[in-house]
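K.L.:
Position in the first sequence counted from 1, then plus 13, gives you the numbering used here.
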Amino acid sequence: MAEILKPLPQSFYLNPVLTVAENLLGKLLVIETGKNQIVVKIVETEAYHENGDPSCHAHKGQTKRNAVMFGPPGHLYVYFTYGMHYCMNVVAEKEGTAAAVLIRAAEVIEGIDIVKKNRGERHKLKDLTNGPAKLCEALSITTEQNGISLLENKTFITKGQMIAKDNILQTTRIGISEGKELPWRFYIKDNEFVSKKVKIIGER
DNA sequence: ACTGCGATGTCCT
DNA sequence: GGACATCGCAGTT
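Shown next as structure tokens:
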């Protein structure tokens, strides 16, 4: 590899979850897999918080499944859903407060061969990682990784491209039935790896 | 382009 | 027993 990549400090994740969600855009997620590594650029995120957010898994308090969300920031919260899919989140805010950012989509920077192998060769490039469960499959993330630290050198997030405010769009979240009105989804404008194009009312 | 729907297992009430 | 922070495929316009 060309350069040394360093994990973001825990202080990055200690911020309010909406701040973390927005600031994660453009950052690089690095997965070391044996002698290879996969690097992806985060292009779409959603924030979830135990307070005021009925769609958050921790909305009704701590359970076995959501326990990691209550733990220290900078760890991975992975859950299984729809009988066949995994979704990955980054735990934010202080220990004892349940808050996390769902990584919904990313763009592969390095390790495309491994990603194609994980996802299946039939897919088009942009369909490899343009959704939360697709991303987990691309990176081989399962509940085995639930709770791991992002502050060490195996799986971590590092500084990437700075995204100008003008190139960040904020909308309501996708695939939930409660808390629909909260504009807690962030994505990079015009990025082709974003999971869903949204019709913005009033735009031509 | 969009719409509907089946697959499938775990957690929580 | 119901819900589920989804995906891929088939059918339609």
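Note that the Cβ used here is the ideal one computed from N, Cα and C, for glycine as well. In this text the structure is predicted, and so the values were computed from the model without any measurement.
(1) Roughly how far, in whole angstroms, is the beta-carbon of Leu-148 from the beta-carbon of Met-101, given that I think they are within contact range, below 8 Å?
(2) Quick check on the DSSP output: the alpha helix (DSSP H) that includes Ala-146 runs from which residue to which?
(3) Do you know whose CA, among Thr-76, His-88, Ala-118, lies nearest Ala-152's CA?
(4) For Ile-213, does the three-state DSSP call read helix, strand or coil?
(5) DSSP three-state call for Asp-81: helix, strand or coil?
(6) On the three-state DSSP scale, how would you describe Val-43?
(7) Report the rounded CA-to-CA distance for Gln-183 versus Trp-197, giving the unit in angstroms.
(8) Cβ of Gly-160 within 8 Å of Cβ of Leu-89?
(9) What's the C-alpha gap between Val-91 and Asp-179?
(10) What residue from His-136, Tyr-95, Cys-69 has the CA that sits closest to Val-114's CA?
P.N.:
Checking against the coordinates, here is how it stands:
(1) Between the beta-carbon of Leu-148 and that of Met-101 there is about 7 Å, and that keeps the pair under the 8 Å contact cut.
(2) 145-152
(3) Here residue 152 is Leu; the residue named in the question, Ala, does not match the sequence. Looking at Thr-76, His-88, Ala-118, the one whose alpha-carbon comes closest to that of Leu-152 is Ala-118.
(4) Note that Ile-213 scores 47 on pLDDT, short of 50, meaning its location in the model is unreliable; the coordinates nonetheless yield the value given after this. The answer is coil: DSSP assigns Ile-213 none of H, G, I, E or B.
(5) The sequence as given places Val at residue 81; Asp does not occur at that position. Look at Val-81 here: in three-state DSSP terms it is helix.
(6) strand
(7) 7 Å
(8) yes
(9) For Val-91 and Asp-179, the distance between alpha carbons rounds to 31 Å.
(10) Cys-69
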